[in-house]
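Have a look at the structure below before the remarks.
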Amino acid sequence: MKKVAVLGATGMVGQRFVQLLMGHPFFKLVDLCASERSAGKRYKEATRWMLDAEMPEKVADLEVKRIDPNLIDADIVFSALPKEVAKNVEPKFAEAGFIVSSNASAFRMVEDIPLLIPEVNPEHLELIEVQRENRGWDGAIITNPNCTTIMAMLPLKPIYDNFGLRRVIVTSMQALSGAGYSGVVSMAILDNLIPFIRGEEEKVETEGLKIFGKFEDNKITKAGFKISASCNRVNVLDGHTESIFVEVEEDCSVDDVKEVLRKFRGLPQKLKLPTAPQNPIIVREEEDRPQPRLDRLQQGGMSVSVGRIREDPVFDFKFTSMGHNTIRGAAGASILNAELLLKKNKA
Ligand SMILES: NC(=O)c1ccc[n+]([C@@H]2O[C@H](COP(=O)([O-])OP(=O)(O)OC[C@H]3O[C@@H](n4cnc5c(N)ncnc54)[C@H](OP(=O)(O)O)[C@@H]3O)[C@@H](O)[C@H]2O)c1
Numbered sequence: 006m007k008k009v010a011v012l013g014a015t016g017m018v019g020q021r022f023v024q025l026l027m028g029h030p031f032f033k034l035v036d037l038c039a040s041e042r043s044a045g046k047r048y049k050e051a052t053r054w055m056l057d058a059e060m061p062e063k064v065a066d067l068e069v070k071r072i073d074p075n076l077i078d079a080d081i082v083f084s085a086l087p088k089e090v091a092k093n094v095e096p097k098f099a100e101a102g103f104i105v106s107s108n109a110s111a112f113r114m115v116e117d118i119p120l121l122i123p124e125v126n127p128e129h130l131e132l133i134e135v136q137r138e139n140r141g142w143d144g145a146i147i148t149n150p151n152c153t154t155i156m157a158m159l160p161l162k163p164i165y166d167n168f169g170l171r172r173v174i175v176t177s178m179q180a181l182s183g184a185g186y187s188g189v190v191s192m193a194i195l196d197n198l199i200p201f202i203r204g205e206e207e208k209v210e211t212e213g214l215k216i217f218g219k220f221e222d223n224k225i226t227k228a229g230f231k232i233s234a235s236c237n238r239v240n241v242l243d244g245h246t247e248s249i250f251v252e253v254e255e256d257c258s259v260d261d262v263k264e265v266l267r268k269f270r271g272l273p274q275k276l277k278l279p280t281a282p283q284n285p286i287i288v289r290e291e292e293d294r295p296q297p298r299l300d301r302l303q304q305g306g307m308s309v310s311v312g313r314i315r316e317d318p319v320f321d322f323k324f325t326s327m328g329h330n331t332i333r334g335a336a337g338a339s340i341l342n343a344e345l346l347l348k349k350n351k352a
């Protein structure tokens with residue numbers, strides 16, 4: 006058993022970490038950390054618990070700690086910190102010998118830091134050795150992509166492998182929980198949608214190319230296709246939905262696409278990692294699915310549901326993809342990364 010801590014444990018993603026780590030077969034949650042506002046309080050006093058299951062009793066009375074490597078008795082820290090805080094804090098933990106499995110965007114695009122979806126690019130974990138050599142760290146930082154990136158890149162993986170990709174357009178309809186607890190005020194979003202999420206489109210357009218990149222000569226050579234993104238905030242609690250338009254390199258039919266999506270399994274499934282869903286991609290045939298309220302909790306919230314796969318008169322085909330943003334898109338993704346790391350003896 007590895008001892009783990011959550012940094013940013015009181016926030017939307019932090020709460021999911023706490024929930025998903027309860028009873029985990031590899032990880033024992035020992036410390037919860039947050040800002041100076043929360044430090045010193047009991048977790049149940051510091052946290053506005055927003056999940057629909059009760060706060061686990063085991064953590065309710067734990068004292069929330071300040072974010073300081075000297076105060077934490079863990080091997081791995083899961084980071085759900087805001088970007089600016091993560092930028093400053095995560096390297097200190099890696100330097101002090103911790104494995105940092107981060108949700109924050111601060112280091113995702115840094116050359117020697119893996120940006121992982123374990124089903125898509127597990128070989129990028131090799132960057133850890135490069136990172137340790139470059140920086141003299143005993144620990145390491147690994148990151149998972151932005152939530153919108155994950156819901157697009159997971160279904161694009163078998164398409165990329167089988168037919169190649171030329172151009173991809175992603176239009177997202179993103180849930181409120183993706184903005185954090187105080188992210189979007191109710192008067193702005195009720196009876197409305199907001200066609201702008203700061204920094205989001207750039208993340209989707211660049212992260213995918215690193216994820217699909219080749220690890221060679223100790224670095225990642227980015228993939229050559231093009232991604233264009235348009236991101237919108239909608240009045241849904243959890244679950245990001247995306248309309249994805251794809252132009253491929255080799256001719257394929259809609260049935261070919263459905264088949265490769267259905268058959269797709271990755272390394273986490275082979276290794277039977279505890280957080281890995283049996284089907285990373287679920288293909289739906291109904292004319293009006295996937296929908297966030299109905300499909301976001303498929304296989305513990307770790308599957309991405311894909312439907313409406315059809316031909317497109319401008320691109321080759323298009324489909325709708327949907328997944329749980331704080332589970333598959335954040336805490337669950339980070340935990341799966343750490344499970345893979347452990348199985349590969351890198352933690
Ligand atoms: N929500 C999603 O779907 C999602 C998906 C993927 C990635 N992410 C990323 O995950 C991270 C967390 O997002 P979130 O939605 O959970 O945000 P959030 O609800 O606003 O929570 C932020 C957390 O960070 C702590 N924090 C804030 N300022 C701090 C400081 N100066 N020092 C130490 N701790 C501080 C907060 O503690 P206090 O309660 O004490 O203030 C809280 O625990 C962000 O980087 C976000 O971009 C989120």
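Heads up: the sequence shown is residues 6 to 352, going by our numbering. Every residue gets a Cβ at the ideal spot worked out from N, C-alpha and C, and that includes glycine. Note that the coordinates shown come from a computational prediction; the quantities given were computed from them, not determined experimentally.
Check, Outcome
"Under 8 Å between C-beta atoms of Gln296 and Gln283", "no"
"Own chain residues within Cβ distance below 6 Å of Ile199, not counting five before or after", "Arg238"
"Spatially closest choice to Lys49 from Glu210, Pro61, Asp243, by CA coordinates", "Pro61"
"Cutoff 7 Å; reference Gly218; Cβ partners in own chain excluding five residues on either side", "Ile225, Thr226, Lys227, Ala228"
"Endpoints, beta strand (DSSP E) assigned at Gln304", "Gln304 -> no beta strand (DSSP E), and no H or E assigned at all."
"Own chain residues within Cβ distance below 7 Å of Asp317, not counting five before or after", "Phe250, Lys323"
"Check: Asn237 C-beta below 7 Å from any heavy atom of ligand 1", "no"
"Boundaries (first-last residue) of the alpha helix (DSSP H) holding Gly244", "Neither: Gly244 is in no alpha helix (DSSP H) and is coded neither H nor E."
"Cross-strand partners of Asp36 (DSSP beta bridge)", "Ala10"
"Val175 - DSSP class collapsed to helix/strand/coil", "strand"
"Beta-carbon proximity of Lys97 to Glu124, cut-off 8 Å", "no"
"Meets three-Cβ-pair contact criterion under 8 Å: the region 206-217 and the region 260-277", "no"
"Limits of the unbroken alpha helix (DSSP H) element including Lys263", "259-268"
"Simplified DSSP state of Glu68, which is helix, strand or coil", "strand"
"Segments assigned alpha helix (DSSP H), at least 4 residues, entirely inside the region 156-226", "191-194, 205-216"
"Range covered by the beta strand (DSSP E) that runs through Asn237", "231-238"
"Alpha-carbon to alpha-carbon, Arg313 and Asp80", "43 Å"
"For Phe112, the three-state DSSP class (helix, strand or coil)", "coil"
"Residues bridged to Arg313 (per DSSP)", "None, per the DSSP bridge assignment."
"Closer than 7 Å: Ala157 CB and nearest ligand 1 heavy atom", "no"
"Leu341 versus Met327, Gly306, Ser43, Glu134, residue with shortest Cα-Cα distance", "Gly306"
"Where Arg369 falls: helix, strand or coil (DSSP)", "Outside the shown range of the chain (6 to 352) lies residue 369, about which nothing can therefore be said."
"CB of Phe112 within 8 Å of CB of Ile146, strictly", "yes"
"Cβ-heavy atom distance, Thr15 to ligand 1, below 7 Å", "yes"
"Distance between Cys152 and Val105 (C-alpha atoms, nearest Å)", "18 Å"
"DSSP state of Lys348 mapped onto helix, strand, coil", "helix"
"Beta-carbon contacts of Lys33 that lie in its chain and below 6 Å, excluding the five residues immediately before and after", "Met6, Lys8"
"Three or more C-beta pairs below 8 Å linking the region 324-344 and the region 11-24", "yes"
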